[in-house]
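Protein sequences, first through last, are from chains A and S. Letter by letter, the first sequence follows residues 1 to 390 in our numbering. Letter by letter, the second sequence follows residues 1 to 238 in our numbering. Read through the structure below, which is laid out as structure tokens, and then see the notes.
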Amino acid sequence: MMILQSFKMAWKGISGSKIRSFLTMLGIIIGVSSVIALVSVGKGTTSQITSQLEGLGTDLLTVSIMGRGNTTYLTYDEAEALTDLDGVKSVSPVISGSMTAKYGTENTDVSVEGITPAYEDIQDFHVQSGRYILDIDNGYRMKVALIGTETASDLFGTDDPLGQTILLNGSPFKVVGLLESKGTSLTSSNNDKILIPIKTAERVMQSKGVRSMTIQTESPDQVASVKSLIEATLDKKFENADNSYTVFNSQDALDTLNSTTQTLSIALGGIAGISLFVGGIGIMNIMLVSVSERTREIGIRKAIGAKKRNILLQFMIESTLLSGMGGLIGVAIGYGASALVGHYTSMDTSVSLNIVLISFGFSLFIGVVFGVIPANKAAKLRPIYALRTD
Amino acid sequence: MNQTSAQNKDHPLIEVIGLGHGYVMADQTMTVLDDINFRIDYGEFVAIIGPSGSGKSTLMNMLGCLDIANEGTYLLDGQDVKKLSDNKLAKIRNEKIGFIFQQFNLLTKLSAVENVELPLIYRGMSHRERRKNAEESLAKVGLQERMHHRPSELSGGQQQRVAIARAIAGNPPVLLADEPTGALDSKTGVEVMNKMKELNEQGHTIILITHDLSIAEQAKRVIRIQDGKIVEDRGNPA
Ligand SMILES: Nc1ncnc2c1ncn2[C@@H]1O[C@H](COP(=O)(O)OP(=O)(O)OP(=O)(O)O)[C@@H](O)[C@H]1O
Ligand SMILES: [Mg+2]
Numbered sequence: 001m002m003i004l005q006s007f008k009m010a011w012k013g014i015s016g017s018k019i020r021s022f023l024t025m026l027g028i029i030i031g032v033s034s035v036i037a038l039v040s041v042g043k044g045t046t047s048q049i050t051s052q053l054e055g056l057g058t059d060l061l062t063v064s065i066m067g068r069g070n071t072t073y074l075t076y077d078e079a080e081a082l083t084d085l086d087g088v089k090s091v092s093p094v095i096s097g098s099m100t101a102k103y104g105t106e107n108t109d110v111s112v113e114g115i116t117p118a119y120e121d122i123q124d125f126h127v128q129s130g131r132y133i134l135d136i137d138n139g140y141r142m143k144v145a146l147i148g149t150e151t152a153s154d155l156f157g158t159d160d161p162l163g164q165t166i167l168l169n170g171s172p173f174k175v176v177g178l179l180e181s182k183g184t185s186l187t188s189s190n191n192d193k194i195l196i197p198i199k200t201a202e203r204v205m206q207s208k209g210v211r212s213m214t215i216q217t218e219s220p221d222q223v224a225s226v227k228s229l230i231e232a233t234l235d236k237k238f239e240n241a242d243n244s245y246t247v248f249n250s251q252d253a254l255d256t257l258n259s260t261t262q263t264l265s266i267a268l269g270g271i272a273g274i275s276l277f278v279g280g281i282g283i284m285n286i287m288l289v290s291v292s293e294r295t296r297e298i299g300i301r302k303a304i305g306a307k308k309r310n311i312l313l314q315f316m317i318e319s320t321l322l323s324g325m326g327g328l329i330g331v332a333i334g335y336g337a338s339a340l341v342g343h344y345t346s347m348d349t350s351v352s353l354n355i356v357l358i359s360f361g362f363s364l365f366i367g368v369v370f371g372v373i374p375a376n377k378a379a380k381l382r383p384i385y386a387l388r389t390d
Numbered sequence: 001m002n003q004t005s006a007q008n009k010d011h012p013l014i015e016v017i018g019l020g021h022g023y024v025m026a027d028q029t030m031t032v033l034d035d036i037n038f039r040i041d042y043g044e045f046v047a048i049i050g051p052s053g054s055g056k057s058t059l060m061n062m063l064g065c066l067d068i069a070n071e072g073t074y075l076l077d078g079q080d081v082k083k084l085s086d087n088k089l090a091k092i093r094n095e096k097i098g099f100i101f102q103q104f105n106l107l108t109k110l111s112a113v114e115n116v117e118l119p120l121i122y123r124g125m126s127h128r129e130r131r132k133n134a135e136e137s138l139a140k141v142g143l144q145e146r147m148h149h150r151p152s153e154l155s156g157g158q159q160q161r162v163a164i165a166r167a168i169a170g171n172p173p174v175l176l177a178d179e180p181t182g183a184l185d186s187k188t189g190v191e192v193m194n195k196m197k198e199l200n201e202q203g204h205t206i207i208l209i210t211h212d213l214s215i216a217e218q219a220k221r222v223i224r225i226q227d228g229k230i231v232e233d234r235g236n237p238a
């Protein structure tokens, strides 16, 4: 009953000077809205990266060989031998390079990868028509090629590329498969690729051995053990030389990303905390001014029977209402800002209810904490003193 | 709406025994009230008169429980106010005393009726009962038509009548008026005084502070103070 009355009185106090109340709330508004907007944009960014990383497969290890001295690669057989390691399901060595593809009068630059049949499952990259690269293609160094959708339309337009012969850096290759259309990955675009047998690639690219491969483990939880087995093998091969190879796993990247995000969130929280704190000081400042301005009002209220706690409650509620309203406006602006960013960029921003609750709760808390001193000052005023002041 | 009548009480409404008060200023104590003694009964209309600086307002602050005297005893309705906590004093001010100030002391952001409701809010009265009481009080001072006006939209006399309505809204036994006509011209002053007399006739005990003899003459009893001492108590029924 008294609480409701105190709310009404506090509301009158706030609505009595709207501009001042708004300016007082501004600190809280800025604090809350920036937390919500920043966190949602941050989340949007990380969830984008996370989904791409997860798309790479958490049971895959990517090995890059830099080598040591003159040994700058693994031989094809050494790479294939990694399949025998415990927990390894398959190994997909890759030689990649860039070549000029020619058909008739059409010319286009393409990225060419020399692969083995294991590539299909590991990369989850299939043909939509024709056939895949087979072991036999590698055995005989066949000049056959799988062609990406974009390259196909560059070279053949709407014609069927299957069975046609294209020139890669001048050598004729027979197109035996048309790859399915696949989006851009983190590392490269897939649709302008040409895939050829790895042994053939060794020849036409004049690149000896394997410098890059993807290894699939039997299950995602074997990634760590397989990784150390591979590292042991490679350490032996390159005699423990530093930086002779890297073994990358998308889970590692996810972990790094998560810890970065966490650090970022803490930093954001800190900044938001500071800005809300400053907003709180603003509220306290204005409330103190308001108490001295309204000394006479307080005196009158006390003379006609307001108790200390009535006055305390009135001013506490006023400061909490200020910060709470500031918080609400901040939440609304934060939602708006994050929706705007989501609308005008490709980022998938989403406001998390947690952040809204936390930042709004914190703004209320600030109002209470910084309202105590002014409200207490008001409650302690002696009525005769307060009545004499104007 | 008669006040509790004096007959069934064994103590006076107000009893002041040896009241003294002083302020310490620049190392020396200045005595403002010195050995004040009087009783005021239910239903009296008392004027306290004296020159400026004689201690009238100080005395009224004591009687209104806004301040506690340094010396002596003040019994309000048989209760020694010196022994009461701040909260109890607030409750007494709310229930037993109605203040009418020279400067009206209305809250400028509230309408007339909201001002009149204020003491009832602190009493914890429900909204409907409060509104009803406040409207009745405003009707008594002839301002029911103006109840939604802010003080700034009312004349001085009207503002003082709102203040009177506020003082009587909670139906307190004592009305304390410190120079209620001080800020008004003589014509509106007369209006306000007539209202006070009317309230006294309805049973309200009124203590009126003034330095204007013609105002004081209208009271049934006049207490004259000078330099903090009572020099005359005329018309004392006791
Ligand atoms: N808080 C205070 N501190 C110091 N002196 C005070 C204080 N309040 C009142 N006085 C002094 O006490 C004396 C009596 O003051 P009071 O206000 O009671 O006079 P008054 O009779 O009401 O005068 P007036 O008719 O002018 O209102 C004055 O001399 C005044 O200066
Ligand atoms: Mg005075």
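Ideal placement from N, C-alpha and C gives every residue a C-beta, glycine not left out. As the structure is a prediction and not an experimental result, all values here were calculated from the model.
Would DSSP call A:Ser-92 helix, strand or coil? Within the first sequence, the letter at position 92 stands for residue 92 of chain A. Three-state DSSP puts A:Ser-92 in a strand.
Hey, could you find the ends of the beta strand (DSSP E) S:His-21 is sitting in? Looking up residue 21 of chain S in the second sequence gives position 21. From DSSP, the beta strand (DSSP E) with S:His-21 extends over 14-25.
Only counting the same chain, and skipping five residues up and downstream in sequence, which positions put a Cβ closer than 8 Å to that of A:Trp-11? Locating residue 11 of chain A in the first sequence gives position 11, where the first residue counts as 1. The answer, listed in chain order, is Leu-321.
What does the Cβ neighbour count give for S:Gln-158, buried or exposed, with the cut at 16 atoms within 10 Å? Stepping through the second sequence from its first residue, residue 158 of chain S is reached at position 158. S:Gln-158 should be labelled buried.
So the alpha helix (DSSP H) A:Ile-271 belongs to, where does it begin and stop? Counted from its first residue, the first sequence places residue 271 of chain A at position 271. Here the alpha helix (DSSP H) through A:Ile-271 covers 250-293.
Note down, in chain order, all residues in the region 284-307 of chain A with a beta-carbon under 9 Å from any beta-carbon belonging to chain S. Arg-296, Glu-297, Gly-299, Ile-300, Arg-301, Lys-302, Ala-303, Ile-304, Gly-305, Ala-306 and Lys-307
Out of A:Lys-208, A:Gln-164 and A:Leu-38, state which residue places its alpha-carbon closest to the alpha-carbon of A:Tyr-76. Numbered from its first residue, the first sequence carries residue 76 of chain A at position 76. Nearest of A:Lys-208, A:Gln-164 and A:Leu-38 to A:Tyr-76, Cα basis: A:Lys-208.
At which residue ranges does the region 196-241 of chain A contain complete beta strand (DSSP E) runs of 3 or more residues, listed in the order of the chain? 212-217
Residues in its own chain within less than 8 Å of A:Arg-20 by CB, not counting five upstream and five downstream? Within the first sequence, residue 20 of chain A is the residue found at index 20, counting from 1. Result list for A:Arg-20: Ile-286, in chain order.
Cutoff 8 Å: A:Lys-12 Cβ touching any chain D Cβ: You won't find chain D in this structure, because its protein chains are A and S.
Interface residues of chain S facing A:Phe-2 [CB-CB closer than 9 Å]: Counting from 1 along the first sequence, the entry for residue 2 of chain A is found at position 2. The sequence given here places Met at residue 2 of chain A; Phe does not occur at that position. Simply Ile-121, Tyr-122 and Gly-124.
In this structure, what does DSSP give as the bridge partners for A:Gln-5? On the first sequence, residue 5 of chain A is found 5 positions in, with the first residue counted as 1. Per DSSP, none; premise fails for A:Gln-5.
Please state whether DSSP places A:Phe-315 in a helix, a strand or coil. Locating residue 315 of chain A in the first sequence gives position 315, where the first residue counts as 1. Three-state DSSP puts A:Phe-315 in a helix.
Pull up the DSSP beta-bridge partners for A:Pro-172, would you. As a working mapping, residue 172 of chain A is identified with position 172 in the first sequence. Per DSSP, A:Leu-167.
I'd like to know whether the C-beta of A:Asn-376 is nearer than 8 Å to at least one C-beta of chain S. Stepping through the first sequence from its first residue, residue 376 of chain A is reached at position 376. Chain S contact via Cβ: absent.
Neighbour list for A:Ile-384 in chain S, Cβ cutoff strictly below 7 Å: One-based indexing of the first sequence puts residue 384 of chain A at position 384. Within chain S, Asn-61, Leu-66 and Asp-67 have C-beta atoms less than 7 Å from the C-beta of A:Ile-384, given in sequence order.
Strictly under 8 Å for the Cβ-Cβ distance: is S:Leu-76 near chain A by that measure? Here residue 76 of chain S corresponds to residue number 76 of the second sequence, with the count starting at 1. Cβ-Cβ to chain A under 8 Å: no for S:Leu-76.
Would you say the beta carbon of S:Asp-67 comes nearer than 7 Å to a heavy atom of ligand 2? If you number the second sequence from 1, residue 67 of chain S lands on position 67. S:Asp-67 Cβ: outside cutoff for every heavy atom of ligand 2.
Leaving out five residues before and five after A:Leu-328 in sequence, what residues of the same chain have Cβ atoms less than 8 Å from its Cβ? In the first sequence, the residue the question calls residue 328 of chain A occupies position 328. Same-chain partners within the cutoff: Phe-360.
Hey, is A:Phe-370's beta-carbon within less than 8 Å of any beta-carbon in chain S? In the first sequence, counting from the first residue as 1, residue 370 of chain A sits at position 370. By this cut-off, A:Phe-370 is not an interface position.
What are the start and end residues of the alpha helix (DSSP H) that includes S:Ala-183? Here residue 183 of chain S refers to the residue found at position 183 when the second sequence is read from its first residue. Element bounds for S:Ala-183: n/a, residue is neither H nor E.
Quick check: does the Cβ of S:Met-62 come within less than 7 Å of any heavy atom belonging to ligand 1? As a first step, residue 62 of chain S must be located in the second sequence, where it is residue number 62. Result no, Cβ not under 7 Å from ligand 1.
Taking DSSP as the reference, what is the three-state secondary structure of A:Leu-74? Mapped onto the first sequence, residue 74 of chain A falls at position 74. Reduced to three states, the DSSP call for A:Leu-74 is strand.
Could you name the residues of the same chain whose beta carbon sits closer than 6 Å to that of A:Gly-97, not counting the 5 residues immediately before and after it, in chain order? Within the first sequence, numbered from 1, the residue matching residue 97 of chain A stands at position 97. Val-112 and Met-205.
In three-state terms, what does DSSP make of A:Asn-243? Residue mapping note: residue 243 of chain A aligns to position 243 of the first sequence, counting from 1. The answer is coil: DSSP assigns A:Asn-243 none of H, G, I, E or B.
Let me see if you follow: with CB-CB separation under 8 Å, is A:Gln-314 close to chain S or not? Residue mapping note: residue 314 of chain A aligns to position 314 of the first sequence, counting from 1. Not closer than 8 Å to any Cβ of chain S, the Cβ of A:Gln-314 fails to qualify, so no.
Considering only residues of the same chain and omitting the five flanking positions on each side of A:Gly-27, which have a CB-CB separation below 6 Å? Working through the first sequence from its first residue, we reach residue 27 of chain A at position 27. Around A:Gly-27: Val-278, Gly-279 and Gly-282.
Answer yes or no: the CB of S:Ser-57 versus the heavy atoms of ligand 2, is any distance below 7 Å? As a first step, residue 57 of chain S must be located in the second sequence, where it is residue number 57. Yes, the beta carbon of S:Ser-57 sits closer than 7 Å to at least one heavy atom of ligand 2.
Within the continuous beta strand (DSSP E) that includes S:Asn-70, where are the two ends? Within the second sequence, the letter at position 70 stands for residue 70 of chain S. Segment: none, S:Asn-70 is in no beta strand (DSSP E) and carries neither H nor E.
CB contact flag (A:Ser-323, A:Ser-352, <8 Å): One-based indexing of the first sequence puts residue 323 of chain A at position 323. One-based indexing of the first sequence puts residue 352 of chain A at position 352. No, the Cβ-Cβ distance between A:Ser-323 and A:Ser-352 is not below 8 Å.
Buried versus exposed, by CB contacts within 10 Å (16 or more), S:Tyr-23: The count along the second sequence starts at 1 and reaches residue 23 of chain S at position 23. Exposed, by the Cβ-count rule.
What I want to know is whether the C-beta of S:Met-25 ends up closer than 7 Å to one or more non-hydrogen atoms of ligand 3. What this structure holds is ligand 1 and ligand 2, not ligand 3.
Does chain A have any CB closer than 8 Å to the CB of S:Leu-118? What you label residue 118 of chain S is simply residue 118 of the second sequence in a count that begins at 1. Yes, S:Leu-118 counts as interfacial toward chain A.
Can you pull the chain A neighbours of S:Lys-91, defined as C-beta to C-beta under 8 Å? Here residue 91 of chain S is taken as the residue at index 91 of the second sequence, counted from 1. Neighbours of S:Lys-91 on chain A, chain order: Gly-305 and Lys-307.
Since S:Met-62 and S:His-21 are thought to touch, with beta carbons under 8 Å apart, how far apart are those beta carbons, to the nearest angstrom? By 1-based counting over the second sequence, the position of residue 62 of chain S is 62. By 1-based counting over the second sequence, the position of residue 21 of chain S is 21. Contact holds; Cβ gap of about 7 Å.
Taking Cβ-Cβ distances shorter than 9 Å, what residues in chain S pair up with A:Asn-354? Position 354 of the first sequence, counting from 1, holds the residue named residue 354 of chain A. Ordered by position in chain S, no residue passes the 9 Å Cβ test against A:Asn-354, which lies about 39 Å from the chain.
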